[in-house]
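The opening position of the sequence shown corresponds to residue 745 in my numbering, with each subsequent residue numbered one higher. Data first, discussion second: the structure below is written as structure tokens.
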Amino acid sequence: MLEECSIYIFISLILIEGKLNTETLRKEIIKLLSEENMKVYKEQLGDEYSKFAEDVKIVKKNLSR
745 MLEECSIYIF
755 ISLILIEGKL
765 NTETLRKEII
775 KLLSEENMKV
785 YKEQLGDEYS
795 KFAEDVKIVK
805 KNLSR
């Protein structure tokens, strides 16, 4: 759980500082969140998928800005 929290904090700090080339990050995230990959994630996550899907929705919304 600590690792997950650390990742969220790290990413949040990067976004707040705004010093990252977000285009590179955006392309990679979009690739990772392809429809095909989402099906695999859903299968692997089972009951936890709904929370993951909520987080994905937030990330996609912020990447489209």
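Beta carbons: idealized from backbone N, C-alpha and C, even for Gly.
Would you kindly report the start and end of the unbroken alpha helix (DSSP H) that includes Glu780? That run of the alpha helix (DSSP H) goes 779 to 789.
Who are the Cβ neighbours of Lys786 in its own chain at under 7 Å, not counting the five residues just before and after it? Taking Lys786 as the centre and dropping the five residues before and after it, the same chain places the C-beta of Tyr793 closer than 7 Å to its C-beta, in chain order.
Which whole-angstrom value describes the C-beta separation of Ile773 and Val803, a residue pair presumed to lie in contact below a C-beta threshold of 8 Å? With a Cβ gap of about 6 Å, Ile773 and Val803 count as contacting.
Might you give, ordered along the chain, the residues of its own chain that have their beta carbon closer than 7 Å to the beta carbon of Phe796, omitting 5 neighbours on each side? Contacts found: Tyr785, Leu789.
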